[in-house]
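Down below is the structure, laid out as structure tokens.
Protein chains: 2
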Amino acid sequence: MELLKVATKSSPNKVAGALAGVLREQGYAEMQAIGAGAVNQSVKAIAIARGFVAPSGLNLICIPAFIDIEIAGEKRTGIKFIVKPK
Amino acid sequence: MELLKVATKSSPNKVAGALAGVLREQGYAEMQAIGAGAVNQSVKAIAIARGFVAPSGLNLICIPAFIDIEIAGEKRTGIKFIVKPK
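Listed in order, the protein sequences are those of chains A and B.
The opening position of the first sequence corresponds to residue 33 in the working numbering, with each subsequent residue numbered one higher.
The opening position of the second sequence corresponds to residue 33 in the working numbering, with each subsequent residue numbered one higher.
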């Protein structure tokens, strides 16, 4: 399973392209974001990716969930987005 | 149609409660957020609301979209979340 890690500096357009690619390959995708900036870029990427896959008849939806991540020994709470066709 | 406006300072728990209430009343809900902080609080609220309505057999999903909003004569781009049971 490929996990797309999104950062504040990620380009929503590029993430949307990667998202569309992963969706084509495995039918669904998972994105991970830590912090408001990264969550914001993830949401924009999902909205953009909806446009990429809509002509193929796919209506993308997302499910947000909390995840606990350990970075350099420090526990952080992040957001995981499960993205899939309706 | 009730539109939930979410701000950076909104409490995700309170927004989740409001979201669950609107969902019970009209079957779906719309949230509006401008800026990374507000988008982040919206996403957290959706994740929390999933837990509120799951015992009733509802599996909440969301669809993010861009919206153009005019605030005090200035054009801003915001995010609209359509939240509904799958």
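By construction, the Cβ of each residue, glycine as well, lies at the ideal position given by its N, Cα and C atoms.
Model, not experiment: these values are computed from the prediction.
Spatial distance of residue i from residue j (CA atoms)
i: B:P117; j: B:P96; result: 15 Å
i: A:I80; j: A:G105; result: 34 Å
i: B:G89; j: B:Q58; result: 16 Å
i: B:V85; j: B:N91; result: 8 Å
i: A:P44; j: A:Q73; result: 5 Å
i: B:T40; j: B:K112; result: 15 Å
i: A:I93; j: B:K46; result: 24 Å
i: B:V54; j: B:L36; result: 9 Å
i: A:A68; j: A:I99; result: 14 Å
i: B:A77; j: B:V71; result: 10 Å
i: A:T102; j: A:A52; result: The sequence shown places Glu at residue 102 of chain A, rather than the Thr named in the question. If you take the alpha carbons of A:E102 and A:A52, they lie about 28 Å apart.
i: A:R56; j: A:V38; result: 19 Å
i: A:S42; j: B:S42; result: 25 Å
i: A:Y60; j: A:P87; result: 17 Å
i: A:G110; j: B:G110; result: 22 Å
Coil, strand or helix - residue i by DSSP
i: B:E106; result: strand
i: A:K46; result: helix
i: A:K41; result: coil
When the options are compared against residue i, the one with the closest alpha-carbon
i: A:V75; options: A:A48, A:E34, A:N91 and A:P87; result: A:A48
i: B:R108; options: B:E34, B:A52, B:I93 and B:A65; result: B:A65
i: B:R82; options: B:G110, B:A50 and B:E102; result: B:A50
For residue i, the residue or residues it bridges with in DSSP
i: A:K112; result: A:Q64 and A:A97
i: B:L90; result: The partner list for B:L90 (beta bridge, DSSP) is empty, contrary to what the question assumes.
i: B:L35; result: B:E62
Cβ separation of residue i and residue j, assumed to be a contact under 8 Å, to the nearest whole Å
i: A:E62; j: A:I114; result: 6 Å
Residue i Cβ short of 6 Å to the ligand FMN heavy atom set
i: A:A48; result: As for the ligand FMN, it is missing from this structure, which has no ligand bound.
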